[in-house]
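Our numbering applies: residue 11 is where the sequence shown begins, and numbers increase by one.
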Amino acid sequence: MAKKFAQVKRYGLEGAESMMVALDSLLRSANKAGVADVVLGMPHRGRLNLLTDLLQYDPTALFSKIKGNAEFPESLAASGDVLSHLASSPTLHYGQPKPLRVALLHNPSHLEAVNPVAMGKARAKQMYLFDKRTETDCHLGDRVMCVQLHGDAAFAGQGVVMESLGLSNLPHFTSGGSVHIIVNNQIGYTTPATNARSTAYTTDIAKMINAPIIHVNGDHPEDVAWASKLAFEYRNKFRKDVVLDLVSFRRWGHNELDEPSFTQPKMYTIIRSRKSVPLLYEERLLVSGNRFADSRQQLKGEGVIKGQAEIDNFRQAYFDLLDEKLKASDSYVPKASQLEGKWEKMTLATETISKANTGVDVPLLKAIGKASVAVPPQMSVHPRLEKAHIQSRLTKIASGNKIDWATGEALACGSLLLEGYGVRICGQDVGRGTFSQRHAMLVDQKNESIIVPLNNLAAQVGAESQGFLEVTNSNLSELAVLGFEYGMSIETPDVLNIWEAQFGDFFNSAQVIIDTYVASGESEFGWEWSFWLRQSGLVMLLPHGFDGAGPEHSSCRVERFLQMSDDRFDVANTSKKVNVNWHVVNPTTPAQYFHLLRRQMRRPFRKPLVVVAPKVLLRLPAAASDISEMGPGTGFQPVLGDSTIQDSSKSAELFHSRIFFFAARGGFGSTRFHFICFCNQGREGHFSFWKTVLRPCEGARGQGSQRARCAREAGGALPVPGGGRTGGDIQISYGARKKHKTAARTRLSCRGWNRYYPTRRRHIKAAQSRASKDTRGLFRLLALIPLRAEAQSKSGRAKLASGQHPRPHHGLQAEPF
Numbered sequence: 011m012a013k014k015f016a017q018v019k020r021y022g023l024e025g026a027e028s029m030m031v032a033l034d035s036l037l038r039s040a041n042k043a044g045v046a047d048v049v050l051g052m053p054h055r056g057r058l059n060l061l062t063d064l065l066q067y068d069p070t071a072l073f074s075k076i077k078g079n080a081e082f083p084e085s086l087a088a089s090g091d092v093l094s095h096l097a098s099s100p101t102l103h104y105g106q107p108k109p110l111r112v113a114l115l116h117n118p119s120h121l122e123a124v125n126p127v128a129m130g131k132a133r134a135k136q137m138y139l140f141d142k143r144t145e146t147d148c149h150l151g152d153r154v155m156c157v158q159l160h161g162d163a164a165f166a167g168q169g170v171v172m173e174s175l176g177l178s179n180l181p182h183f184t185s186g187g188s189v190h191i192i193v194n195n196q197i198g199y200t201t202p203a204t205n206a207r208s209t210a211y212t213t214d215i216a217k218m219i220n221a222p223i224i225h226v227n228g229d230h231p232e233d234v235a236w237a238s239k240l241a242f243e244y245r246n247k248f249r250k251d252v253v254l255d256l257v258s259f260r261r262w263g264h265n266e267l268d269e270p271s272f273t274q275p276k277m278y279t280i281i282r283s284r285k286s287v288p289l290l291y292e293e294r295l296l297v298s299g300n301r302f303a304d305s306r307q308q309l310k311g312e313g314v315i316k317g318q319a320e321i322d323n324f325r326q327a328y329f330d331l332l333d334e335k336l337k338a339s340d341s342y343v344p345k346a347s348q349l350e351g352k353w354e355k356m357t358l359a360t361e362t363i364s365k366a367n368t369g370v371d372v373p374l375l376k377a378i379g380k381a382s383v384a385v386p387p388q389m390s391v392h393p394r395l396e397k398a399h400i401q402s403r404l405t406k407i408a409s410g411n412k413i414d415w416a417t418g419e420a421l422a423c424g425s426l427l428l429e430g431y432g433v434r435i436c437g438q439d440v441g442r443g444t445f446s447q448r449h450a451m452l453v454d455q456k457n458e459s460i461i462v463p464l465n466n467l468a469a470q471v472g473a474e475s476q477g478f479l480e481v482t483n484s485n486l487s488e489l490a491v492l493g494f495e496y497g498m499s500i501e502t503p504d505v506l507n508i509w510e511a512q513f514g515d516f517f518n519s520a521q522v523i524i525d526t527y528v529a530s531g532e533s534e535f536g537w538e539w540s541f542w543l544r545q546s547g548l549v550m551l552l553p554h555g556f557d558g559a560g561p562e563h564s565s566c567r568v569e570r571f572l573q574m575s576d577d578r579f580d581v582a583n584t585s586k587k588v589n590v591n592w593h594v595v596n597p598t599t600p601a602q603y604f605h606l607l608r609r610q611m612r613r614p615f616r617k618p619l620v621v622v623a624p625k626v627l628l629r630l631p632a633a634a635s636d637i638s639e640m641g642p643g644t645g646f647q648p649v650l651g652d653s654t655i656q657d658s659s660k661s662a663e664l665f666h667s668r669i670f671f672f673a674a675r676g677g678f679g680s681t682r683f684h685f686i687c688f689c690n691q692g693r694e695g696h697f698s699f700w701k702t703v704l705r706p707c708e709g710a711r712g713q714g715s716q717r718a719r720c721a722r723e724a725g726g727a728l729p730v731p732g733g734g735r736t737g738g739d740i741q742i743s744y745g746a747r748k749k750h751k752t753a754a755r756t757r758l759s760c761r762g763w764n765r766y767y768p769t770r771r772r773h774i775k776a777a778q779s780r781a782s783k784d785t786r787g788l789f790r791l792l793a794l795i796p797l798r799a800e801a802q803s804k805s806g807r808a809k810l811a812s813g814q815h816p817r818p819h820h821g822l823q824a825e826p827f
């Protein structure tokens, strides 16, 4: 490539060629030991060498890609990613009874971000091969191995490395041990080792998990092969991580067009005086004659170097082969290799905004609801849970109404389990739920044994079989854990992977995974690059709400997800098919959430789902659903309207956030008002619903409002189409909080407290007087409704109305909106 494509950045392996020896030795050892699948995650360095030399990637396809031709068939309307992100999944034969399947994952340019993805995919493969879901029922690592390649500077510098290592020995995350190979070039771009880490060795971070570290000189390929075998033997024996430090160098700059001597003149003076590793080994073979041949090969005359001419002939034959591949690249036609194996029943989505019948028979739903809180008689449940969770749910299920959020989720998961799907809910404290609402797992108060009632669902409802619900309380990591869940989701379409942030604000710690994988793993916003065509049904639950918790516990930054959507929100053509990269949805009733989860698995394709999840509405009686809303013939509704409308000619209030609807309808005990309230429940990026839903309200004037600041939340990201008009005579204006640098404002409760609530009362009274005159006054009133705990209670409202102040809190208190 240096001769034919001199201006191409190939990120070659020159100086660290022994990496190929290490991987070849590792794969052979794994195949001999019975490993069937290897999941490989690596950065850009040496990727093309590995693809074409070991992983059987056709050089014709590579040359065609370099020439600017499509990586995928034209029917897929995708051109693929850059050279250093290419992937392959070959089947290798090493003379063993069974072949070895190797999956080299796509990697983003964010170094080390692929690590947790590879770990998650490896675990999912193991679970699938054994058809098990718990560590006690299978031996992780028997059939699947995870291999991670790293650069020395990135391994020491990137936080995701530490987070991923922290997952390696945890229940629900371990995949039977990973083999780490560090291609130690002793430099990172232009950063020398002395500035790249605070430790003596780049591998020292692996000491946090007591992983053995093997240092080997890359100039000696035979030693590298032996060290690689040793690393595998350790991993295979103890099923824990092991690190191989391949000490080598980088012959060129960060890429072949770079000049490294600008910053490392002495280092590169030495490097340029050195012979390449292949040339050094070639000379060694010529001296020893048959050093690499075993005794049987020597007797047969095999594996013996007879002279320089034989080496030259071998090299020339390979060059001739590459020349043929280069010529063939002009007429190369890429093959479709997507949606194979476990994904063969899936299809490429042509329209994601589709209606799906996700309802379930009501008697079955009631049986699932009862089973979701069924515990063995000998189990000692916490008395508060016995009353507030178990008995409360049984009462709601029996009546069929007032189904809350957690119950709707349990019904969705349980119904999917009975249909044979698996469900994995992962995140910090998800077993109980951040807001103590879920309790999918119950802990015995005497011996701390854990039971997941839905895993006994089949016996409770008389079904023959069911899927498995894996409730995974993760460690305090977002980046690695979300990457792990994404890796699991791309392995099989038959498991619903759900990741819940403790609060929606905390997703930003995992922003790299969201940007590079979740949002763009299948399509990069419709652009002509980074199109990997990897479907994922991952669900992200992001609790969101301005309810007095302060700027770090209020906003999931909805605007960021909307900006990363490839939807044309300014187009109101409902007849046009819409295919988006993911769904950003704000469900506000348990029935809506129920249908969303079921739709994820019932459709013939997979799309990520971002749920702007509620907090206040989790237990709000006004936000409950009837079980009939989950019955046969029902499904997810993109927009929920107000059925109590009586006179559409009157001024109408159009709300973007349904929490205002519950406030105005008396859900928080506030005054009832006569107005229309619409909520954009789903497809927040797709605004064609404005024209359709408002058609019955011709002649009305609308006020679009929300709790969020227009500059930072959905209002700022998504303008009303048509300059404030939806068609006909409907006028739409917009109102929201003022712009502010933080998601929610906070003030000191110990300073100016007596001035705070009297001021709020005056604002509320003024807004009440304006509410009967125009919709903007009504919006102002709703925006002032305090959602603090004191204001939600009857006593708090009574004190507020009488001029008394709720009891001050020490420390910081946030404004309710």
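Note that CB positions come from ideal geometry on N, CA and C, so glycine has one too.
>> For a quick check, are the C-beta atoms of I219 and S178 less than 9 Å apart?
In response: Along the sequence shown, read from residue 1 onward, the residue named residue 219 stands at position 209. Along the sequence shown, read from residue 1 onward, the residue named residue 178 stands at position 168. In contact: I219 and S178 (Cβ atoms closer than 9 Å).
> Where do the N-terminal and C-terminal ends of the beta strand (DSSP E) with N59 fall, by residue?
Replying inline: Taking the first residue of the sequence shown as 1, we reach residue 59 at position 49. Element bounds for N59: not the beta strand (DSSP E) but the alpha helix (DSSP H), R57 to D63.
> Under three-state DSSP, which class holds A113?
Replying inline: One-based indexing of the sequence shown puts residue 113 at position 103. If DSSP states are grouped into helix, strand and coil, A113 belongs with the strands.
> What is the DSSP secondary structure of C156, reduced to helix, strand or coil?
Replying inline: Translated into positions along the sequence shown, residue 156 becomes position 146. In this structure, C156 counts as strand in the three-state DSSP scheme.
> Is S98 helix, strand or coil by DSSP?
Replying inline: Taking the sequence shown and counting its residues from 1, one reaches residue 98 at position 88. DSSP places S98 in the strand class (E or B) of the three-state scheme.
> Would a C-beta distance cut-off of 9 Å place L548 and S484 closer than the cut-off?
Replying inline: If you number the sequence shown from 1, residue 548 lands on position 538. If you number the sequence shown from 1, residue 484 lands on position 474. No.
> Around the C-beta of L331, are 16 or more other C-beta atoms found within 10 angstroms, so that it is buried, or is it exposed?
Replying inline: Taking the sequence shown and counting its residues from 1, one reaches residue 331 at position 321. Answer is exposed; the Cβ neighbour count stays below 16.
>> In the DSSP assignment, the alpha helix (DSSP H) including V193 goes from what residue to what residue?
In response: As a position in the sequence shown, residue 193 is number 183, starting the count at 1. In the DSSP assignment, V193 falls outside any alpha helix (DSSP H) and within the unbroken beta strand (DSSP E) covering S188 to N194.
>> Given a cut-off of 9 Å on the beta-carbon distance, is the pair R20 and L50 in contact?
In response: Here residue 20 refers to the residue found at position 10 when the sequence shown is read from its first residue. Here residue 50 refers to the residue found at position 40 when the sequence shown is read from its first residue. No, they are not a contact pair.
>> According to DSSP, H434 sits in a beta bridge with which residue or residues?
In response: Along the sequence shown, read from residue 1 onward, the residue named residue 434 stands at position 424. For the sequence presented, residue 434 should be read as Arg rather than His. Bridge partners of R434: E480 and N507.
> On the premise that A128 lies in contact with Q158, defined as a C-beta separation below 8 Å, what is that separation, rounded to the nearest angstrom?
Replying inline: Start at 1 with the first residue of the sequence shown, and residue 158 comes out as number 148. Start at 1 with the first residue of the sequence shown, and residue 128 comes out as number 118. Yes, Q158 and A128 are in contact; Cβ-Cβ is about 6 Å, under 8 Å.
> Leaving out five residues before and five after I400 in sequence, what residues of the same chain have Cβ atoms less than 6 Å from its Cβ?
Replying inline: Here residue 400 refers to the residue found at position 390 when the sequence shown is read from its first residue. Excluding positions up to five away in sequence, the list reads V383.
> In this structure, what does DSSP give as the bridge partners for T201?
Replying inline: Looking up residue 201 in the sequence shown gives position 191. Answer is G198, bridged to T201.
>> For Q17, count the other beta carbons within 10 Å of its own beta carbon; 16 or more makes it buried, fewer makes it exposed. Which is it?
In response: The sequence position of residue 17 within the sequence shown is 7, counting from 1. The residue in question, Q17, is exposed, as its Cβ has fewer than 16 Cβ neighbours within 10 Å.
> Buried or exposed: where does P614 fall if 16 or more other Cβ atoms within 10 Å of its Cβ makes it buried?
Replying inline: Along the sequence shown, read from residue 1 onward, the residue named residue 614 stands at position 604. P614 comes out exposed.
> Name the DSSP bridge partner or partners of D47?
Replying inline: What you label residue 47 is simply residue 37 of the sequence shown in a count that begins at 1. In DSSP, D47 forms a bridge with R111 and V154.
> Using a Cβ-Cβ cut-off of 7 Å (strictly less than) and excluding sequence neighbours within five positions of S390, which residues of its own chain qualify?
Replying inline: Residue 390 sits at position 380 when you count from the first residue of the sequence shown. The beta carbon of S390 sits closer than 7 Å to those of D454, Q455 and K456, all from its chain and outside the five residues before and after it, given in chain order.
> Taking Cβ to Cβ, would you say G437 is nearer than 9 Å to V505?
Replying inline: In the sequence shown, residue 437 corresponds to position 427, counting from 1. In the sequence shown, residue 505 corresponds to position 495, counting from 1. Judged by beta-carbon spacing, V505 lies beyond the 9 Å limit of G437, meaning their Cβ atoms are not closer than that value.
>> Restricting to Cα atoms, I'd like to know which of L267, A134 and S487 is closest to E173.
In response: Stepping through the sequence shown from its first residue, residue 173 is reached at position 163. The residue from L267, A134 and S487 with its alpha-carbon nearest to that of E173 is S487.
>> Our contact map puts G187 next to R282 with C-beta atoms below 8 Å; I'd like the distance itself, whole angstroms only.
In response: By 1-based counting over the sequence shown, the position of residue 187 is 177. By 1-based counting over the sequence shown, the position of residue 282 is 272. The distance from the Cβ of G187 to that of R282 is about 39 Å, inconsistent with a contact at the 8 Å cut-off.
> Since F73 and K335 are thought to touch, with beta carbons under 8 Å apart, how far apart are those beta carbons, to the nearest angstrom?
Replying inline: Numbered from its first residue, the sequence shown carries residue 73 at position 63. Numbered from its first residue, the sequence shown carries residue 335 at position 325. 6 Å between Cβ atoms; contact.
>> I believe L256 touches V287 by the beta-carbon criterion, under 8 Å. Please report the beta-carbon distance rounded to the nearest angstrom.
In response: Reading the sequence shown from its first residue, position 246 is the one you call residue 256. Reading the sequence shown from its first residue, position 277 is the one you call residue 287. Not a contact, Cβ separation roughly 11 Å.
>> Given this structure, state the Cα-to-Cα distance separating L289 from K239, to the nearest angstrom.
In response: Reading the sequence shown from its first residue, position 279 is the one you call residue 289. Reading the sequence shown from its first residue, position 229 is the one you call residue 239. Looking at the two C-alpha atoms, the distance is approximately 24 Å.
> For T599, does the count of other Cβ atoms within 10 angstroms reach 16, so buried, or fall short, so exposed?
Replying inline: Your numbering for residue 599 matches position 589 in the sequence shown. Note on T599: 16 or more other CB atoms within 10 angstroms of its CB, so buried under the neighbour-count rule.
> Shortest alpha-carbon distance to A520 belongs to which of G493, L489, R249 and P270?
Replying inline: Residue numbering aside, residue 520 sits at position 510 when the sequence shown is read from its first letter. For A520, the nearest C-alpha among the options comes from L489.
>> Just verifying my parser: in three-state terms, what is the DSSP assignment at A16?
In response: Working through the sequence shown from its first residue, we reach residue 16 at position 6. In the structure shown, the three-state DSSP call for A16 is coil.
> Do you know offhand how far G641's Cα is from T482's?
Replying inline: As a first step, residue 641 must be located in the sequence shown, where it is residue number 631. As a first step, residue 482 must be located in the sequence shown, where it is residue number 472. Taking the straight line joining both Cα atoms gives about 29 Å.
> What are the start and end residues of each continuous beta strand (DSSP E) run of 3 or more residues lying completely inside the region 246–333, in chain order?
Replying inline: Those beta strand (DSSP E) runs which fall completely within the region 246–333 and span 3+ residues are 252–257.
> For S258, which of G25, S635, D636 and R570 has the nearest alpha-carbon?
Replying inline: Locating residue 258 in the sequence shown gives position 248, counting from the first residue. Answer by Cα proximity: G25.
>> Taking the alpha carbon of C423 as the reference point, which residue from S119, V170 and L467 has its own alpha carbon closest?
In response: As a working note, residue 423 is residue 413 in the sequence shown. Residue L467 is the option with its Cα nearest to C423.
>> Taking the beta carbon of A381 as the centre, do at least 16 other beta carbons fall within 10 Å, making it buried, or is it exposed?
In response: In the sequence shown, counting from the first residue as 1, residue 381 sits at position 371. Label assigned to A381: buried.
>> One question on the structure: do T201 and A235 come within less than 9 Å of each other, judged by their Cβ atoms?
In response: The residue you call residue 201 lines up with position 191 of the sequence shown. The residue you call residue 235 lines up with position 225 of the sequence shown. Taking 9 Å as the cut-off, the Cβ atoms of T201 and A235 do not count as close.
> Assuming V529 and L464 make a contact with CB atoms under 8 Å, what is their CB distance in whole Å?
Replying inline: Stepping through the sequence shown from its first residue, residue 529 is reached at position 519. Stepping through the sequence shown from its first residue, residue 464 is reached at position 454. Checking the sequence, you will find Ala at residue 529 rather than Val. That pair is no contact at about 31 Å.
> According to DSSP, is S499 helix, strand or coil?
Replying inline: As a working note, residue 499 is residue 489 in the sequence shown. Here S499 sits in helix by DSSP.
> How many angstroms separate the CA atom of S475 from the CA atom of W592?
Replying inline: Position 465 of the sequence shown, counted from the start, is the residue given in the question as residue 475. Position 582 of the sequence shown, counted from the start, is the residue given in the question as residue 592. Roughly 32 Å between the two C-alpha positions.
> Between N41 and the rest of its own chain, which residues show a CB-CB distance below 6 Å, the 5 nearest in sequence each way excluded?
Replying inline: Mapped onto the sequence shown, residue 41 falls at position 31. For N41, the CB contacts under 6 Å within the same chain, skipping 5 residues up- and downstream, are Y104, Q106 and L110 in chain order.
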